[in-house]
Amino acid sequence: MSLKRGARSFIAATICAGLVLSGCSSNDSTDEAATSEVAEDVTIEHARGTDTYPVNPQNVVAVGPAVDNLLELGIKPAAVVQNAKDKNSPWREGKLDGVKVIDQADFKTLPQEQIAAIEPDFIVGDYWTISEDNYKELSAIAPTLGGISDTGEGIGWEAQLEALGKIFNKESEAKKAIEEDQKRFADVKEKLPNLSGKTGIVSQFAQGSFGGECLMVCVWEPNPHKEMNQNDYYGETRSG
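Take the numbering used here: the final residue in the sequence shown is number 286, and no numbers are missing along the way.
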């Protein structure tokens, strides 16, 4: 009886050991699979070509409206390239504290030497600032992303925000931001049913520009109680 009992104990112990080893092997395989699924880079097709970008870059230089896309995802760039008008963006107040500011002399020219000095691992701008020439020169410094397409909605901020969501592993945050923006427009549309089917004109005033001066002469006049700065994106006016 003692031999049989001992044999049964040995068999049970052997089975348990096998199950433990099997469980360890299974866990190891799962861990390896999970590790292999974490991508180190992502490939994105955009207006200037197709590039591979590092996932979660840490030293980012942002230009123009792309700054707002990064901030929407909770990402603070290492440096921003700004012209005089960009600096008057009250919606960015307090969000770029400690970020290096690189001055941009004009809209088309980017200070490449100063950008290179940041040693960025990713550069992002919009469709217009990342022109074909700027793209070629900046890509020699770091992977560069501008507009996602050269037509339609691909030029706008939504398509780029989706791409940035992939680069920074924030796809759900990007989707949420776009849906919230669409809802705001839908809510306004619902509140203004009399505008349904109507056409209109949307204009952006820029003091000192030819178009801006024409509007001032023909349509608008400045609010006499509000000073208008030449570098402002906007100003308070009234019909003339």
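Glycine included, every Cβ here is placed at the ideal spot set by N, Cα and C.
When the Cα atoms are used, what is the spatial distance from residue i to residue j?
i: ASP143; j: TRP137; result: 13 Å
i: SER185; j: ASN102; result: 18 Å
i: GLU178; j: LYS237; result: 42 Å
i: SER242; j: LYS222; result: 26 Å
i: ALA205; j: GLU199; result: 7 Å
i: LYS224; j: ASP172; result: Correcting the residue identity first, residue 224 is Ile in this sequence and not Lys. Approximately 17 Å between the Cα atoms of the pair.
i: ASN180; j: GLN158; result: 9 Å
In the DSSP assignment, find the alpha helix (DSSP H) that holds residue i and state where it starts and stops.
i: LYS237; result: 217-237
i: ILE90; result: Where ILE90 is concerned, there is no enclosing alpha helix (DSSP H), although the beta strand (DSSP E) it sits in stretches over 87-92.
i: ASN115; result: 112-118
i: GLU139; result: It is not in any alpha helix (DSSP H) - GLU139 carries neither H nor E in the DSSP assignment.
If I measure Cβ to Cβ from residue i and keep anything under 8 Å in the same chain, skipping five residues before and after, which residues do I get?
i: ALA209; result: ILE90, HIS92, LEU191 and ILE194
i: VAL145; result: LYS122, PRO123, ALA124, ALA125 and VAL126
i: ASN105; result: ALA124, ILE164, GLU165, PRO166, ASP167 and PHE168
i: LYS229; result: none
Here's a check: name, in chain order, each residue in its chain whose Cβ is nearer than 7 Å to the Cβ of residue i, leaving out the five neighbours to either side.
i: TYR279; result: At TYR279 the pLDDT is 47, less than 50, meaning the model places this residue with poor confidence; the figure from the coordinates comes in the next sentence. Taken in chain order, the residues that qualify are LYS131 and ASN134.
i: PHE214; result: ASN102, LEU119 and ILE121
Near residue i, what residues of its chain come up, given a Cβ to Cβ distance below 6 Å and the 5 sequence neighbours on each side ignored?
i: THR98; result: ASP87 and THR89
i: VAL113; result: VAL126
i: VAL107; result: ALA125, ILE161, ILE164, PRO166 and ILE169
From what residue to what residue does the beta strand (DSSP E) around residue i run?
i: ILE148; result: 146-149
i: VAL127; result: 125-128
i: ASP97; result: 95-100
Indicate whether at least one CB of chain B lies closer than 8 Å to the CB of residue i.
i: GLU226; result: Absent from the structure is chain B; it holds one protein chain and no more.
When every heavy atom of the ligand HEM is checked, does at least one fall within less than 7 Å of the C-beta of residue i?
i: GLU204; result: In the structure shown, the ligand HEM is absent, as is every other ligand, since no ligand is present at all.
Please specify which runs of the beta strand (DSSP E), each continuous and at least 3 residues long, are wholly inside the region 166-219, giving them in chain order. Listed in chain order, the complete beta strand (DSSP E) runs (minimum 3 residues) inside the region 166-219 are 168-170.
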